[in-house]
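To convert a position in the sequence shown, counted from 1, into my numbering, add 162.
See structure below.
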Amino acid sequence: MNEILNIQALHAGYINDEGTVTPILHDINLTVQPGEIIGVVGGSGSGKSTLLHSITMLKGTPIQILEGTIQYNGLNLREINETERRTLMGSGIARVFQQAYMSLYPLRTIQAQCKELLDAHHVPVDKGVEDFCQMLAHMGFQEPRRILAAHPHELSGGMAQRVAIALALVLKPKLLLADEPTAALDATVQKKVLQELLELCQAYGTALLLVTHNINMAAMFTHRMYVMHDGRIVESGTTSDVMEHPQHEYTQALLGAVPILNGPLPKSNLKFSIETKEQAQIHQAHGHHHHDAQGRHTHDGMGFHSHDDRNLHTHDVGDLHTHDGRDTEVHHE
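So this is what it looks like as structure tokens:
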């Protein structure tokens, strides 16, 4: 079976104001089969969102592909022009953002935005709107037609995210990129919304690349999992293998950071920590940089740096870089 997405030896980064590129992704290899649910897991700044930016190459995003290939259904995405990319995005590849309001225009009704999307891809509007209403009903809306008349600001966060998901799927794309699609929602709503999303993907045969910091959430819904750290995939395999037999210390640290309801989590001996975005920004402001095992200077433009425990407070799992210099990728066969 041909992969719907095939990424090989990808190196990518961001262009700064001086025109130089800051490398973020290093030797990324990832595949998604048609209809497959894949998880990409890692802490803030591990490169997850940059990976999605590399696939979509949205206009205005200062992403630069340095090496490697990204193929969608056999099509090399590095070789298509802007017009071809706009056509592909939505009909072939769609994306859901962490904040629904990034994909919903605040001054237009939901119906107007749906019709605009359908028109842009030459889909019959009446049939498309009817399909959209059916998706809204599946997402839990009892009166989908009332939602059509609403503006985004009239919807709660959970409602807006459901609408954004339905809009992303209304053209029945073959691949959906979901960037922390439930992270902005209340914990009681997250699982339900993600379950509804997966049911729609399965109904339309849409493959899902789910990016999340929540390894437990990924474990509940995905077939396979990739673990990212510092712009690299450090472990991959079936979800059950990664969860039950984690080999890389960073994967073990992610699992060790998961709360246990029946008692406190034993203190980890791993030399890792899960650094917050705020800590990373403080760290960046003070000019701290990271050197890998070979002494090369690296910097993650998405807000993540390695650090010295003397300079930053961290969570209980230590320094987010391997203490013995190892950064090898683990594959579960």
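Just so it is clear, CB atoms sit at the ideal spot from N, CA and C, and this is done for glycine as well.
All of these numbers come straight from a predicted model, not from anything done at the bench.
Between residue 331 and residue 208, the alpha-carbon positions lie close to 27 Å from each other. Note on geometry: alpha-carbon atoms of residue 286 and residue 419 lie some 48 Å from one another. In the DSSP assignment, residue 494 falls outside any beta strand (DSSP E), carrying neither H nor E. Residue 256 is not a Cβ neighbour of residue 347, given a cutoff of 7 Å. Residue range 225-234 is occupied by the beta strand (DSSP E) that includes residue 227, with no alpha helix (DSSP H) assigned at that position. DSSP, read as helix, strand or coil, puts residue 373 in strand. Remark: three or more beta-carbon pairs, one from each stretch, lie closer than 8 Å, so the region 401-409 and the region 382-393 are flagged as touching.
If you draw a 10 Å sphere on the C-beta of residue 268, you find fewer than 16 other C-beta atoms in it, and that means exposed. Nearest neighbour of residue 494 by Cα position, chosen from 417, 416, 410, 231, turns out to be 410.
Across the structure, residue 276 and residue 341 are spaced so that their CA atoms are roughly 21 Å apart. Nearest to residue 236 by C-alpha distance, out of 327, 167, 304, 202, is 167. Per DSSP, the unbroken alpha helix (DSSP H) holding residue 212 starts and ends at 210-218.
Contact check for residue 383 against residue 360 passes: the beta carbons are separated by less than 7 Å. Contact annotation, residue 373 with residue 202: C-beta distance approximately 5 Å; criterion of less than 8 Å satisfied. Within the DSSP bridge table, the entry for residue 384 names no partner. By a beta-carbon distance limit of 8 Å, residue 187 contacts residue 174. Their separation comes to about 4 Å. About 12 Å separates the CB atoms of residue 196 and residue 254; that is not less than 8 Å, and the two are not in contact.
In the three-state reduction of the DSSP assignment, residue 185 falls in the strand class. In the DSSP assignment, residue 238 forms a beta bridge with 233.
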